[in-house]
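Participant: Shown below is the structure under consideration.
Protein chains: 2
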Amino acid sequence: MSGLRARQKVERRQRLLLAAATHFRASGYEGTRIEEIAATAELSAGTVYNYYRHKGELLIAVVSMQLEEVLEEGERLVAEPPATAEAAINALVEVGLDRALGYLSKDNWRHALASATAQPETDLARRYADLEARLADQVRRLLDGLQQQGAIRDDLDTIAFGALISNNASRLFHAYVREEGRALEELKAGLRAQHAALCRRIA
Amino acid sequence: MSGLRARQKVERRQRLLLAAATHFRASGYEGTRIEEIAATAELSAGTVYNYYRHKGELLIAVVSMQLEEVLEEGERLVAEPPATAEAAINALVEVGLDRALGYLSKDNWRHALASATAQPETDLARRYADLEARLADQVRRLLDGLQQQGAIRDDLDTIAFGALISNNASRLFHAYVREEGRALEELKAGLRAQHAALCRRIA
DNA sequence: ACCGAAAATGCAGTCGGCTCATTTTTGGGC
DNA sequence: GCCCAAAAATGAGCCGACTGCATTTTCGGT
Numbered sequence: 018m019s020g021l022r023a024r025q026k027v028e029r030r031q032r033l034l035l036a037a038a039t040h041f042r043a044s045g046y047e048g049t050r051i052e053e054i055a056a057t058a059e060l061s062a063g064t065v066y067n068y069y070r071h072k073g074e075l076l077i078a079v080v081s082m083q084l085e086e087v088l089e090e091g092e093r094l095v096a097e098p099p100a101t102a103e104a105a106i107n108a109l110v111e112v113g114l115d116r117a118l119g120y121l122s123k124d125n126w127r128h129a130l131a132s133a134t135a136q137p138e139t140d141l142a143r144r145y146a147d148l149e150a151r152l153a154d155q156v157r158r159l160l161d162g163l164q165q166q167g168a169i170r171d172d173l174d175t176i177a178f179g180a181l182i183s184n185n186a187s188r189l190f191h192a193y194v195r196e197e198g199r200a201l202e203e204l205k206a207g208l209r210a211q212h213a214a215l216c217r218r219i220a
Numbered sequence: 018m019s020g021l022r023a024r025q026k027v028e029r030r031q032r033l034l035l036a037a038a039t040h041f042r043a044s045g046y047e048g049t050r051i052e053e054i055a056a057t058a059e060l061s062a063g064t065v066y067n068y069y070r071h072k073g074e075l076l077i078a079v080v081s082m083q084l085e086e087v088l089e090e091g092e093r094l095v096a097e098p099p100a101t102a103e104a105a106i107n108a109l110v111e112v113g114l115d116r117a118l119g120y121l122s123k124d125n126w127r128h129a130l131a132s133a134t135a136q137p138e139t140d141l142a143r144r145y146a147d148l149e150a151r152l153a154d155q156v157r158r159l160l161d162g163l164q165q166q167g168a169i170r171d172d173l174d175t176i177a178f179g180a181l182i183s184n185n186a187s188r189l190f191h192a193y194v195r196e197e198g199r200a201l202e203e204l205k206a207g208l209r210a211q212h213a214a215l216c217r218r219i220a
């Protein structure tokens, strides 16, 4: 009771997600047709739209899964942050980048970001926006922790600076995935330089 | 003689741009069909693609025009900045927001940002990225000016902080256009609060 | 076992972005 | 003026995302 039906629904949704992830990773977003995803998930193309409203929503679901992992990994760092502000901020941001890019291609991120921007009023786009907000909050909590350890000044507005740091990282990540040829190490180096400058003023 | 042909080409490109702006503003991005733009520009649908590679490129061209104006207006502020760091930063950012949103809808910006993200390898997307870079540089130059006036500390890394400020504003603008119901004044208030916190640490 | 509700199916069909083979226009050389 | 090669315009048609619907399948309560 309470559901074979419900369970099947969840299970099918999951199958679709997995199939989508496979194809998007293998053939890129535009190179994947809905029909292929449906076939892999052993459903018909029409049925896909009972579960996801647009092709883009499938991709957003895939990257959201990945973002959940980023959050989880970040949580460990917030719980036991490195001693200095600079090390802690660098670690949190870089762990996020590594997780985000370990599994999904730039193409995948690009189109996911584009879809979430173009159709922000779908459930999954909202969930994605929420995940981003939680990332920002994680940075704030890291700063709060550092403040308590005395690694940064007491009078610092951690809300404002948390947002500043995460928005900056997020924006640079965005720029990074737009340049196919760019190396991750470059992005990290740029961020580290900024964090160094910043920490000189907040530590 | 270098060109009736070339001139006609430029002129047609211009006509298309104008037609696109009209329709996108009136009917939104998805509500505008290429054929309508073509008709207004007195060309056939196929011909549009001799001038712009995708529908999205047309929109990017429209918002780029707008961004040029933002830059121009910002330049005046950089030349004669307000006396305090906080007033100067607020003024530059807010003047940009007002210009950007005075003429184009959130829908237009949303889809332009999405297109520039999804197809970053087109000429116009690159030009758009370049405009964004120039905005960031404008903030840096503002900080440099303020530094010379003694409104912010000499040892501040203006490159890092210029990027930080503009990336933050850019990211919040992005979030703002994604929420149809949100008021511009709210966005500005949020930014002002951040700038206040920031200026407490750099002035 | 049976029934009604809910969901899946798959296909015909729409729609619009984009392509490409073909036609039309153009402007420099004679 | 006229010709012709190159450039540009054209529009029929393709492709794939998405929709609507008539039909079938699947549950779950009685």
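Those protein sequences? They're chains D and W, same order as listed. Residue numbering for the first sequence follows my numbering, starting at 18 and increasing by one per position. Residue numbering for the second sequence follows my numbering, starting at 18 and increasing by one per position. Idealized CB from N, CA, C, for every residue including glycine. Nothing here was measured: the structure is a model prediction, and the numbers come from that model.
(1) Check each residue of the segment 187-199 of chain W: if its Cβ is closer than 9 Å to any Cβ of chain D, include it; give the result in chain order.
(2) Taking the alpha helix (DSSP H) that residue 167 of chain W belongs to, which residues open and close that run?
(3) Classify residue 184 of chain W: buried if its beta carbon has 16 or more other beta carbons within 10 angstroms, exposed otherwise.
(4) Who are the Cβ neighbours of residue 162 of chain W in its own chain at under 6 Å, not counting the five residues just before and after it?
(5) CB of residue 68 of chain W to nearest heavy atom of the ligand ATP: below 7 Å?
(6) Please classify residue 155 of chain D: is it buried, with 16 or more other beta-carbons within 10 angstroms of its beta-carbon, or exposed?
(7) Hey, is residue 174 of chain W's beta-carbon within less than 8 Å of any beta-carbon in chain D?
(8) Roughly how many whole angstroms lie between the Cα atoms of residue 134 of chain W and residue 45 of chain D?
(9) Looking at C-alpha atoms only, which residue of W/178, W/129, W/124 is the closest neighbour of residue 199 of chain W?
(10) Take the Cβ of residue 87 of chain W as the centre, count every other Cβ of all protein chains shown within 10 Å, and call the residue buried at 16 or more, exposed below.
(11) For residue 195 of chain W, count the other beta carbons within 10 Å of its own beta carbon; 16 or more makes it buried, fewer makes it exposed. Which is it?
(12) If we define contact as Cβ-Cβ less than 8 Å, is residue 105 of chain D a contact residue for chain W?
(13) Under 9 Å, CB to CB, which of the residues in the segment 199-218 of chain D have a partner in chain W?
(14) Excluding the 5 residues flanking residue 146 of chain W on each side, which residues of the same chain have their C-beta closer than 8 Å to its C-beta?
(15) Are the beta-carbon atoms belonging to residue 108 of chain D and residue 83 of chain D less than 8 Å from one another?
(16) Taking the straight line between their C-alpha atoms, what separation do you get for residue 76 of chain W and residue 41 of chain W?
(17) How would you list, in chain order, the residues of chain W whose beta-carbon sits under 9 Å from the beta-carbon of residue 40 of chain D?
(18) Where in the segment 97-140 of chain W do unbroken runs of the beta strand (DSSP E), each at least 3 residues long, occur, reported from the N-terminal end onward?
(19) Interface residues of chain W around residue 128 of chain D at Cβ under 7 Å?
(20) When we look at the beta-carbon of residue 61 of chain D and count the other beta-carbons within 10 Å, is it buried (16 or more) or exposed?
(21) Residue range of the alpha helix (DSSP H) that residue 14 of chain W falls in?
(22) Quick one: using the 10 Å Cβ neighbour count with 16 as the cut-off for buried, is residue 157 of chain D buried or exposed?
(23) Tell me which residues share the same chain as residue 103 of chain W and place their Cβ nearer than 8 Å to its Cβ, disregarding the 5 neighbours each side in the sequence.
(24) Is the shortest distance between the beta-carbon of residue 43 of chain D and the beta-carbons of chain W less than 8 Å?
(25) Nearest CA to the CA of residue 48 of chain D: which residue from D/35, D/64, D/72, D/63?
(26) Please state whether the Cβ-Cβ distance between residue 90 of chain W and residue 112 of chain W is less than 8 Å.
(27) Answer with yes or no whether the minimum CB distance from residue 131 of chain D to chain W is below 8 Å.
(28) Helix, strand or coil: which one does DSSP assign to residue 142 of chain W?
(29) Just the chain W side, please: which residues come within less than 8 Å of residue 159 of chain D by C-beta, in chain order?
(30) Using 10 angstroms around the beta-carbon of residue 19 of chain D, count the other beta-carbons present and answer buried if the total reaches 16, otherwise exposed.
(31) Name the two residues that bound the continuous alpha helix (DSSP H) containing residue 53 of chain D.
Facilitator: So, to answer that:
(1) From the segment 187-199 of chain W, only 187, 188, 189, 191, 192, 194, 195, 196, 197 have a Cβ closer than 9 Å to chain D.
(2) No alpha helix (DSSP H) holds residue 167 of chain W; DSSP gives it neither H nor E.
(3) A buried status is given to residue 184 of chain W, since no fewer than 16 other beta-carbon atoms sit within 10 Å of its beta-carbon.
(4) 98
(5) By its list of ligands, the structure shown contains no ligand whatsoever, and the ligand ATP lies outside what it can speak to.
(6) buried
(7) yes
(8) 15 Å
(9) W/124
(10) buried
(11) buried
(12) no
(13) For the segment 199-218 of chain D, which is checked against every Cβ of chain W, the residues closer than 9 Å are 207, 210, 211, 212, 213, 214, 215, 217, 218.
(14) 133, 137
(15) no
(16) 8 Å
(17) Within 9 Å Cβ-Cβ: nothing; residue 40 of chain D doesn't reach chain W, min ~18 Å.
(18) none
(19) 135
(20) exposed
(21) Because chain W is modelled from 18 through 220, residue 14 of chain W falls outside the range shown and cannot be assessed.
(22) buried
(23) 212, 213, 216, 220
(24) For residue 43 of chain D, the answer is no, since every Cβ of chain W falls outside 8 Å of its Cβ.
(25) Taking only the C-alpha atoms, the option nearest residue 48 of chain D is D/72.
(26) yes
(27) yes
(28) helix
(29) Listed by position along chain W, the residues whose Cβ is nearer than 8 Å to that of residue 159 of chain D form an empty set, because the closest Cβ is around 17 Å away.
(30) With a pLDDT of only 41 at residue 19 of chain D, under 50, the local geometry of the prediction cannot be trusted, and no value is derived from it.
(31) 51-57
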